[in-house]
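Trainee: So for the sequence shown, this note's numbering puts the first residue at 7; every next one is plus one.
Glycine included, each C-beta is placed from N, C-alpha and C at the ideal position.
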Amino acid sequence: MSEIRTVLFIDDDSAHVEAFQKAVLVATDGPFQSEWVRTLSEGVERLNRKGIWAIFANLCLPDSKGLDTFDSLALAAPGVPALVLAGAGEAAVGTEAMRRGAKDFLLEGHIDAYSFARTTPPCGWLGRAAPGRAAPLRIPALSI
Numbered sequence: 007m008s009e010i011r012t013v014l015f016i017d018d019d020s021a022h023v024e025a026f027q028k029a030v031l032v033a034t035d036g037p038f039q040s041e042w043v044r045t046l047s048e049g050v051e052r053l054n055r056k057g058i059w060a061i062f063a064n065l066c067l068p069d070s071k072g073l074d075t076f077d078s079l080a081l082a083a084p085g086v087p088a089l090v091l092a093g094a095g096e097a098a099v100g101t102e103a104m105r106r107g108a109k110d111f112l113l114e115g116h117i118d119a120y121s122f123a124r125t126t127p128p129c130g131w132l133g134r135a136a137p138g139r140a141a142p143l144r145i146p147a148l149s150i
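1. Keeping to the same chain, check which residues put their C-beta closer than 7 Å to that of Ser78; ignore five residues upstream and five downstream.
2. Tell me whether Asp110 is buried or exposed, calling it buried when 16 or more other Cβ atoms sit within 10 Å of its Cβ.
3. Of the choices Gly85, Leu65, Ala82, whose alpha-carbon is the least far from that of Ala103?
4. Out of curiosity, what's the CA-to-CA distance linking Val13 and Leu67?
5. Which of helix, strand or coil does DSSP assign to Thr12?
6. What does the alpha-carbon distance come out to for the pair Pro127 and Ile61?
7. Is Glu48 helix, strand or coil by DSSP?
8. How would you write the range of the beta strand (DSSP E) that Val90 sits in, first residue to last?
9. What residue range does the beta strand (DSSP E) around Asp110 cover?
10. What residue range does the alpha helix (DSSP H) around Ala103 cover?
11. At a Cβ threshold of 9 Å, is Arg52 touching chain B?
12. Cutting at 6 Å between CB atoms, please list the residues of its own chain near Ala80, excluding the five before and the five after it.
13. Hey, how far is the Cα of Gly115 from the Cα of Glu9?
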């Protein structure tokens, strides 16, 4: 049996988390499980306990905003791939997060199964290519 991989969702919007959980949990490269926290501080606390395979983080959280959010996560969990959600119209913020190490980004208001599936296989945010790691995540069509 394959190792269960844990994806940490850091977002205070339950609709975002529900959509991504559905997409990840039906992925054909599982098994996956998810954990959800609502603030950066809770996310960093969880990352300090180790065992997180990948991160999905909204860059606008109750206790942190913008690139500071990503920078804090990158310090707390170097080497753990992250997909970030930037605000609507903030593609430059998402691009800068990628320059700083995020694997990809989505924009608020453009979240759907297609967008999520598009970000995962090409960038490999869930399929790190290191030896012994799984291939990139493949997500079947999903209506959200």
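Mentor: So, from the listed chains and residues:
1. Leu46, Val50, Ser70
2. buried
3. Leu65
4. 18 Å
5. strand
6. With a pLDDT of 44 at Pro127, under the threshold of 50, the modelled position of that residue is not reliable, and the figure given next carries that caveat. Rounded to whole angstroms, Pro127 to Ile61 spans 15 Å at the Cα level.
7. helix
8. 88-92
9. 110-113
10. 97-105
11. Given the protein chain composition of this structure (a single chain), no chain B is represented.
12. Gly107
13. 33 Å
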